[in-house]
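A.B. asks: Pasting in a structure now, in structure tokens, and then I'll have a few things to ask.
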Amino acid sequence: MKRLTDKIRTLILLTLLISCGEEEHPCRNYGSDVLLRLQSVRTGETVPTRSGGDAPLLDAAIPVGFWVKELSQADGNVVYATQNNVKGGYDSDDSAWQPLPSNPVWLNNYTADLAVYAPYDATQGADGDGILSLSANLYQADRDLVAARFTGNNRSTGLNVTMKRLYVRLTFTFVKYAEYTDEATIDKFELTGADIYQNAAYSLFADSNPYAIVPATGFTKSFSPGLKIGTDTDAPDAAKIDLLLIPTGAAFTEDALLTVTSGDKVMKVPVLKTLFSGGRLFSAGKQYNFTVRLSVSSVDMEENDVKTTDWENAGADVEAGSEFD
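Read left to right, the sequence shown gives residues 64 to 388 (the working numbering).
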């Protein structure tokens, strides 16, 4: 009997040793609330890039914003209260991304519906719970929003997320043919069409169709002084207009119209809807690069002057030819 008792005690001790041997959180009480923390945050596609590596890690210096969706039980008891746009960042001491200590996010034994975006913007969250406001604008790094939805609870360890870009990017590089010796500038740029939208609300917790697009269309920008147009697309001072636009995730319904004002001359060229059809939809995370050339008599986009890429990856050429009226 004593031997049996000793064996039972030994088994109990072994069980305790095994259960306390977890590297990440030994002997943690899973009934306790824990702070939300992300082990890694990546940006780009959720699949390996064409170079063979993973999507790049988010720069540790970039602030992020966390969101918590309300969760209630059938009796009305609130398990998780809504938390909108909670500022966070990378904690080098803890080697994790997490909300600032002044406004923590606690996880209990219920699974929370969560989201994170970057870079953090204090003005976000004014349009509703779980809503990011998007606006067509010139490209700047702090406007290039990325976001991800994920879940977690107090048993979650080593959470990893990959955030996707929310805008589609268009760049227009303007150059002169060698025989065009007069000085030329871009004083006003306009891109209009039924598929070029100014604003949208992005729902972080939508199961499908997260973009609620505002009907107003078109993008216009004036430059003073005007952008000087040179003859080399690769020159550091090349006249380039880099746009972040609202993606539709669909084919264009009609040609868009590019209008450029240079001094007293107004030039127009269609951006053909066939450029955004088939496998080339006007989708978030895609970048379309246009080269627009000025000659003595006209301005045109030649064959192979339009290319489409992912943000990080080289893409296939898009053949297109257009000429200004």
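Cβ coordinates follow ideal geometry from the N, Cα and C atoms, glycine included.
Which residues does DSSP list as the beta-bridge partners of asparagine 171?
C.D. replies: Answer is none; asparagine 171 lacks a bridge partner.
A.B. asks: For phenylalanine 237, list the residues DSSP reports as bridge partners.
C.D. replies: DSSP output for phenylalanine 237 lists Ala302, Val355 as bridge partner(s).
A.B. asks: How is valine 335 classed by DSSP in three states: helix, strand or coil?
C.D. replies: Before going further, note that residue 335 is leucine rather than valine in the sequence given. Coil at leucine 335, not helix or strand.
A.B. asks: Does the distance from the C-beta atom of valine 179 to that of methionine 226 stay below 8 Å?
C.D. replies: yes
A.B. asks: Kindly indicate the opening and closing residues of the beta strand (DSSP E) around asparagine 147.
C.D. replies: 146–154
A.B. asks: With DSSP run on the structure shown, which of helix, strand or coil describes aspartate 207?
C.D. replies: coil
A.B. asks: Whole angstroms is fine: what's the gap from glycine 191's alpha carbon to valine 355's?
C.D. replies: 40 Å
A.B. asks: Give the range of the beta strand (DSSP E) segment to which isoleucine 249 is assigned.
C.D. replies: Note, isoleucine 249: beta strand (DSSP E), 248–255.
A.B. asks: Could you please give the first and the last residue of the uninterrupted beta strand (DSSP E) stretch that includes phenylalanine 129?
C.D. replies: 127–131
A.B. asks: From this set, Leu233, Tyr265, Asn200, Val131, which residue's C-alpha is nearest asparagine 216's C-alpha?
C.D. replies: Val131
A.B. asks: For a test of the three-state rule: what should DSSP assign to threonine 296, helix, strand or coil?
C.D. replies: coil
A.B. asks: Is DSSP giving phenylalanine 282 helix, strand or coil here?
C.D. replies: strand
A.B. asks: Could you tell me the boundaries of the beta strand (DSSP E) in which threonine 311 lies?
C.D. replies: Neither: threonine 311 is in no beta strand (DSSP E) and is coded neither H nor E.
A.B. asks: Taking all protein chains shown into account, do 16 or more other C-beta atoms lie within 10 angstroms of the C-beta of lysine 239, making it buried, or fewer, making it exposed?
C.D. replies: buried
A.B. asks: Check this for me: beta carbons of leucine 307 and alanine 199, under 8 Å apart or not?
C.D. replies: yes
A.B. asks: If you count every other CB in all the chains shown that lies within 10 Å of the CB of glycine 384, and 16 or more means buried, which is it?
C.D. replies: Caution is warranted here: a pLDDT of 33 is assigned to glycine 384, below 50, making its placement in the model unreliable, and no coordinate value can be reported.
A.B. asks: For the stretch 202–220 against the stretch 320–327, do three or more pairs of beta-carbon atoms, one drawn from each stretch, fall closer than 8 Å, so that the two count as touching?
C.D. replies: No: fewer than three Cβ pairs fall under 8 Å.
A.B. asks: Does the distance from the CB of aspartate 258 to the CB of alanine 319 come in under 8 Å?
C.D. replies: yes
A.B. asks: Pick helix, strand or coil for arginine 113, following the three-state DSSP scheme.
C.D. replies: With a pLDDT of 43 at arginine 113, under the threshold of 50, the modelled position of that residue is not reliable, and no figure is offered here.
A.B. asks: Considering Cα atoms alone, identify which of Lys349, Ser196, Phe213, Gln146 is closest to tyrosine 168.
C.D. replies: For the sequence presented, residue 168 should be read as valine rather than tyrosine. Selected option, being the one with the closest Cα: Gln146.
A.B. asks: Assign proline 273 to one of three DSSP states: helix, strand, or coil.
C.D. replies: Here proline 273 sits in coil by DSSP.
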